[in-house]
Amino acid sequence: MILVLASQQDPGAAALVAGWAGARLLTPADLSLPGWALAAGPSSGTGAVAARGVADGAPFATDQVQLLVSLLGGVDAAQLGWITEEHREYVASEMTAFLGHWLTTLGSRCLVAPSYASLAGPCPPTATWAAAAGLPLATDRDVDRDVGTPRALMTVVADRVFRVGGSDSCEIDDALARRLCAMAASYDVPLLSAVVVRGAGTSLPRLQAVLPAPVVRTAEVRSAVRGLVEDVLLEEVAS
Amino acid sequence: MIVLHGLHSDAPLENVRQVLADRGVPYLFLDQTSCERIAVEPLGDRLALVVGDLEVPVANLRGVYLRPYDLADAVDAAEHARLSRLTFGLREWAEALPARVRVVNRPSAGLSNHSKPRQATVIEQAGFAVPEALLTTDPEAAAAFVAEHGKVIVKSISGTRSIVRVVGPDDDLGAVRWCPTQFQRFIPGVEYRVHVVGERLFVHRVRSHAVDYRYGGFTLDPTELPEPVAQRCRALAAALGLALAGIDLRFGSDGRWYCWEANTSPAYTSFDGPDHEIASALADHLAADS
Chain U
147 MILVLASQQD PGAAALVAGW AGARLLTPAD LSLPGWALAA GPSSGTGAVA ARGVADGAPF
207 ATDQVQLLVS LLGGVDAAQL GWITEEHREY VASEMTAFLG HWLTTLGSRC LVAPSYASLA
267 GPCPPTATWA AAAGLPLATD RDVDRDVGTP RALMTVVADR VFRVGGSDSC EIDDALARRL
327 CAMAASYDVP LLSAVVVRGA GTSLPRLQAV LPAPVVRTAE VRSAVRGLVE DVLLEEVAS
Chain E
2 MIVLHGLHSD APLENVRQVL ADRGVPYLFL DQTSCERIAV EPLGDRLALV VGDLEVPVAN
62 LRGVYLRPYD LADAVDAAEH ARLSRLTFGL REWAEALPAR VRVVNRPSAG LSNHSKPRQA
122 TVIEQAGFAV PEALLTTDPE AAAAFVAEHG KVIVKSISGT RSIVRVVGPD DDLGAVRWCP
182 TQFQRFIPGV EYRVHVVGER LFVHRVRSHA VDYRYGGFTL DPTELPEPVA QRCRALAAAL
242 GLALAGIDLR FGSDGRWYCW EANTSPAYTS FDGPDHEIAS ALADHLAADS
């Protein structure tokens, strides 16, 4: 079974699992259903409790998970509409902390290992990403939306780069794509999304941000993600 | 040069500032209530801390101690947004500083106690005992865990402060279906709080009748740990990348040393003596050559 961890309000995630045999969507709503049980401490993995969870409303055993793709940096309190308002921040923190531990127990079965800062991968300073890409950082003027600086939201999938948002006037060339792939590879991350801007009079685009979780808004990028997952699973079978 | 960021009214930060001032050690206090001329700005592929029109040169930096607060209720929305951007910028700037600059604590390391069971795996690797625990949304599994262990505590999974409380077989556990909840076997024993500052330890035995001493009366007695346990504390702080840590230990009645968690931004002043030994050690650490 392939799990895609995402917000229930992420249409790209829903489209990713739609029609994908063996894939199920796991959202924070599933963490408000009885059925999760995970031992921790000295009994973890050896105690009476076998790790189990709920995805898309249905139970599963953790042993069934072949690979998990996280499109969720953390649980957003604002999206927990079924929890009373006064408890949403607390519940969101608890869900995020629980997922952070559970993903760690999955080990290499996470396509991208979680960090303490994100359930979807590493979160070094943007300056560190920029240095790895050989790109300058965006300035405050670049980031000011009123200025109308051309910007693009890009998703890196292995050695390919896809535009998933932003303005067409922000040109994406092969050189930029190579820099973004090198940036992702510097942290051994096969899937991430970044925002770049093209300031007036600059030859190189500037890096505004690497997002805490990847974005899969287009059919092309979703197809690439499915292909990446299938490649990873095939490599595991082969090894 | 030492950079301090936060509020003068925050005793852990202010006490370190006072020690530095008394010693004549150069420091820059970035006061959250008065930081209009402070910014973190991109310069090429790096960030620069700018005060007025001048960049704080990284070459002159020895240490950084960050203890900012969320001032949401104390300022208007625009000022809150500006302060949030500054705090985020300072975190990114500090995280990217070279290793020779002593940052208390690197922001990435400071996040480790945001998931207690995840941090517990590092605690166990450092040689401490950790209690059996269950994380669940299943009331039946929770009830079975309570029945198995008899006396069980429930506490937050995240770093959000919660009051630790005891649950037993007669408690209604139905609410766990809404949110993963952490249950731990109760460990009877003697409570200790250990503050690690670099290689130095400050140990207090905590005497309290409450399950969670922070919410009951308690008294503190300075004491020492057996050397192997002290070494485990240093090893744990190092494994978590923490120059300053507040470690909660219990010497169990079964003769084992248990560790609950390592607080990554401890408000240590309740444990500091009249001579401010912990604040002084922190000042020593920040000002030392790496």
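Protein chains in written order, with our numbering: chain U, 147 to 385; chain E, 2 to 291.
Backbone N, C-alpha and C fix where the C-beta goes; we use that ideal spot for every residue, glycine too.
Because the structure is a prediction, the values reported are computed rather than measured.
Practice problem: Anything in chain U within Cβ reach of E/R47, meaning under 9 Å, just list it in chain order. | Solution: A273, A276, A277, L283
Quiz item: Residues of chain B with CB under 9 Å from U/M329, in chain order?
Solution: Looking for chain B here will not work: the only protein chains present are U and E.
Exercise. Please work out which residues of its chain come closer than 6 Å, Cβ to Cβ, to E/R92, disregarding the five sequence neighbours upstream and downstream, and give them in chain order.
Key: P108
Exercise. Kindly say whether U/P358, judged by its beta-carbon, lies nearer than 8 Å to any beta-carbon of chain E.
Key: no
Self-check item: Residues in the region 161–190 of chain U having any Cβ partner in chain E nearer than 7 Å
Solution: L177, S178, L179, P180, G181, W182, A183, L184, A185, A186, G187, P188, S189
Quiz item: To which residues does DSSP link E/N264 through a beta bridge?
Solution: E/G247
Quiz item: If you compare alpha carbons, which of U/P360, U/R368, U/Q155, U/R344 is closest to U/L226?
Solution: Checking every option, the nearest Cα to that of U/L226 belongs to U/Q155.
Exercise. Spell out a yes or no on whether the region 18–26 of chain E and the region 74–87 of chain E are touching, meaning 3 or more CB-CB pairs, one atom from each, closer than 8 Å.
Key: no
Quiz item: Taking a cut of 9 Å between CB atoms, which residues from the region 124–152 of chain E lie near chain U?
Solution: E125, A130, V131, P132, E133, A134, L135, L136, T137, T138, D139, P140, E141, A142, A143, A145, F146, E149
Self-check item: U/V361 versus U/V367: straight-line alpha-carbon distance, rounded
Solution: So the alpha carbons of these two residues sit roughly 9 Å apart.
Quiz item: For a contact meaning CB atoms closer than 9 Å, what does U/A263 contact in chain E?
Solution: P108, S109, L112, H115
Quiz item: Quick one: is E/Q33 buried, meaning 16 or more other Cβ sit within 10 Å of its Cβ, or exposed?
Solution: buried
Self-check item: Exposed unless 16 or more other CB atoms sit within 10 angstroms - verdict on E/D222
Solution: Answer is exposed; the Cβ neighbour count stays below 16.
Practice problem: State the Cα-Cα distance for the pair E/L241 and E/I279, rounded to the nearest angstrom. | Solution: 20 Å
Exercise. Identify, in the order they occur along the chain, each residue of the same chain with its Cβ nearer than 6 Å to the Cβ of U/A330, setting aside the five sequence neighbours on each side.
Key: V302, L338
Quiz item: So what does E/H6 bridge to, in DSSP terms?
Solution: Answer is E/L31, E/L67.
Exercise. Quick one: measure Cβ to Cβ for E/V17 and E/V65, integer angstroms, because I've assumed they're closer than 8 Å.
Key: Incorrect: roughly 11 Å between the Cβ atoms, too far for contact.
Exercise. Spell out whether any CB of chain E is found under 8 Å from the CB atom of U/V333.
Key: Before going on, a small fix: residue 333 of chain U reads as Tyr here, not Val. It does not; no Cβ of chain E falls within 8 Å.
Quiz item: Does E/T161 come within less than 8 Å of chain U when only Cβ atoms are used?
Solution: yes
Quiz prompt | Contacts of U/S153 in chain E (Cβ-Cβ under 7 Å) | solution = Within chain E, no residue comes near U/S153; the closest Cβ sits about 17 Å away, beyond 7 Å.
Quiz prompt | Entirely enclosed beta strand (DSSP E) segments - the region 93–155 of chain E, minimum 3 residues | solution = 103–105, 134–137
Practice problem: Check each candidate in E/A121, E/I39, E/T138, E/V147 and name the one with the smallest Cα separation from E/W337. | Solution: One cannot answer for residue 337 of chain E here, as it falls past the ends of chain E, which runs 2 to 291.
Quiz item: Where do the N-terminal and C-terminal ends of the alpha helix (DSSP H) with U/S329 fall, by residue?
Solution: The residue you asked about is not Ser; residue 329 of chain U is Met in the sequence shown. Unbroken alpha helix (DSSP H) run through U/M329: 320–332.
Quiz item: By how many angstroms is the C-alpha of U/S153 removed from the C-alpha of U/R372?
Solution: 18 Å
Quiz item: E/A239 touches chain U at which residues, Cβ-Cβ below 8 Å?
Solution: Those do not exist, as E/A239 stays about 16 Å from chain U at its closest Cβ, beyond 8 Å.
Quiz prompt | Contact set between the region 242–255 of chain U and chain E, restricted to residues whose Cβ is under 7 Å from the partner | solution = T242, A243, F244, G246, H247, T250
Practice problem: Counting only the same chain and skipping the five closest in sequence on each side, list residues whose C-beta sits under 7 Å from that of E/A134. | Solution: P118, Q183, F184, Q185
Quiz item: U/E240 CB to nearest chain E CB: under 8 Å?
Solution: yes
Quiz item: Per DSSP, E/T224 forms a beta bridge with which residues?
Solution: E/V204
Practice problem: Would you please verify whether the beta carbon of E/E96 is less than 8 Å from any beta carbon of chain U? | Solution: True, the Cβ-Cβ gap to chain U drops below 8 Å.
Quiz prompt | Contact set between the region 220–241 of chain U and chain E, restricted to residues whose Cβ is under 7 Å from the partner | solution = Residues I229, Y236, V237, S239, E240, M241.
Quiz item: Among E/V4, E/G7, E/L8, E/A12, which has the Cα closest to the Cα of E/D273?
Solution: E/A12
Quiz prompt | E/I39: first and last residue of the uninterrupted beta strand (DSSP E) it sits in | solution = Its beta strand (DSSP E) spans residues 39–44.
Self-check item: Interface positions of the region 71–100 of chain E facing chain U (Cβ-Cβ less than 7 Å), listed along the chain
Solution: E93, E96, A97
Quiz prompt | E/D173 to U/A186 span [Cα, whole Å] | solution = 22 Å
Quiz item: Mapping DSSP to helix, strand and coil, what is E/Q232?
Solution: helix
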